[in-house]
Every structure is written in structure tokens, then in C-alpha cells.
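K.L.:
In the working numbering, the protein residues as written are 4 to 152. Glycine is no exception: its CB is placed at the ideal position from the N, C-alpha and C atoms. This is the structure I want to talk about, given as C-alpha cells.
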């Protein structure tokens, strides 16, 4: 499965979402989702950002890829995008509650465990390639690593 995720940066803040449903429900994350048939990762990032927050991305930059393995099998390849220019005001949707968070106050203890390994690198402007391992249908984090440029 191919997915996308978008980190929206605005000065010293980052746009997070509180997931109301689906995989990751009850966790803080970033707008994203499945790449649909006929679209690429960048198009997915733009679409998902609008669907989940009502923001319109004006400039989208690829920050890298993350491979997730679950119970030893390739489960998901996620492309990571950064948006620094956008239009609109974030609004709650059926799927998510958007919230601006100070970059130095990101609630890693209320997020997917892998996020603390790659999010700071992307915020620093690094290009990443990561691989993370989960088991028990995404319930247990088994580690992983990132290389960056």
C-alpha cells in the first residue's frame, strides 16, 4: 500500500491532527492517507491536506520515504511531504481535529512511536529514508532506523 503524509510548517508551529477515526484513531498525527488510483504521492498529499483540514497547499516539497513492515511483511510505503505555503484556516472534519502546535512541544508520547525518529529530521530540513517495524497488527513498535541527507 502506498500512502502520503504532510507536515505543514508555519514559523515555529506545525499543524497536527487528532485522528477521530481509522488507523491511528485517538492519536495525534499529520494529514495523510492512501494514494488513490491514478495519483502520485504529491497529489495525495495535497488532496488529503484539504480533506482533513480544509487547507490548500501552495508549495509542496518531498522530504523522503518510509517503509513500514508489519509482522515481517512489507505493509506500507509512505511518502513524506512538507508544506510551508498554504491558503485557508484549518477546520475540523469528519476525520480529524486540526491543531497548531509549537515545534518544541510536539506530543510524541501521544503519537505513533516511529514519529519521534523521523519528524525532527524532516523539521530540520533533512531528506529521509526510513524503515520501521511493527507487529501485532500495528500494535507493537519493534524499532527501525533512518538515513538522511
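Are residue 7 and residue 69 touching if we call contact CB-CB under 8 Å?
P.N.:
Walking along the chain shown from the start, residue 7 turns up at place 4. Walking along the chain shown from the start, residue 69 turns up at place 66. No, the pair does not count as a contact, with Cβ atoms beyond the cut-off.
K.L.:
Grab the span of the beta strand (DSSP E) containing residue 104 for me, first residue to last.
P.N.:
Here residue 104 refers to the residue found at position 101 when the chain shown is read from its first residue. Element bounds for residue 104: 99-105.
K.L.:
On the premise that residue 106 lies in contact with residue 16, defined as a C-beta separation below 8 Å, what is that separation, rounded to the nearest angstrom?
P.N.:
Within the chain shown, numbered from 1, the residue matching residue 16 stands at position 13. Within the chain shown, numbered from 1, the residue matching residue 106 stands at position 103. Right, their Cβ atoms sit about 7 Å apart.
K.L.:
If you draw a straight line from the C-alpha of residue 144 to the C-alpha of residue 24, how long is it?
P.N.:
Within the chain shown, residue 144 is the residue found at index 141, counting from 1. Within the chain shown, residue 24 is the residue found at index 21, counting from 1. One C-alpha to the other measures close to 20 Å.
K.L.:
What is the residue span of the beta strand (DSSP E) that residue 80 lies within?
P.N.:
Position 77 of the chain shown, counted from the start, is the residue given in the question as residue 80. Run containing residue 80: 76-90, per the beta strand (DSSP E) assignment.
K.L.:
My guess is that residue 78 and residue 22 are in contact by the Cβ rule of under 8 Å, so how many angstroms apart are they, rounded?
P.N.:
Within the chain shown, residue 78 is the residue found at index 75, counting from 1. Within the chain shown, residue 22 is the residue found at index 19, counting from 1. Contact flag wrong, Cβ pair sits at about 18 Å.
K.L.:
Going by C-alpha distance, which of 19, 118, 5, 4 is nearest residue 93?
P.N.:
Residue 93 sits at position 90 when you count from the first residue of the chain shown. If we check each option's Cα against that of residue 93, 19 comes out closest.
K.L.:
Which residue's Cα is closest to the Cα of residue 11: 29, 80, 73, 126?
P.N.:
Here residue 11 corresponds to residue number 8 of the chain shown, with the count starting at 1. Residue 126 is the option with its Cα nearest to residue 11.
K.L.:
By the DSSP assignment, the alpha helix (DSSP H) with residue 118 in it spans what residues?
P.N.:
Looking up residue 118 in the chain shown gives position 115. Where residue 118 is concerned, the enclosing alpha helix (DSSP H) stretches over 118-126.
K.L.:
On the DSSP bridge assignment, give the partners of residue 19 in chain order.
P.N.:
Mapped onto the chain shown, residue 19 falls at position 16. Answer by DSSP bridge pairing, in chain order: 102.
K.L.:
Residue range of the beta strand (DSSP E) that residue 25 falls in?
P.N.:
Indexing the chain shown from 1 puts residue 25 at position 22. It is not in any beta strand (DSSP E) - residue 25 carries neither H nor E in the DSSP assignment.
K.L.:
Cα-Cα, which of 85, 60, 26, 59 is closest to residue 123?
P.N.:
One-based indexing of the chain shown puts residue 123 at position 120. Measuring from the Cα of residue 123, the nearest candidate turns out to be 85.
K.L.:
Check whether the region 111-123 and the region 24-41 are in contact - that is, three or more C-beta pairs closer than 8 Å.
P.N.:
yes
K.L.:
Nearest to residue 95 by alpha carbon, out of 44, 54, 35, 151?
P.N.:
Working through the chain shown from its first residue, we reach residue 95 at position 92. Here the closest residue by C-alpha is 54.
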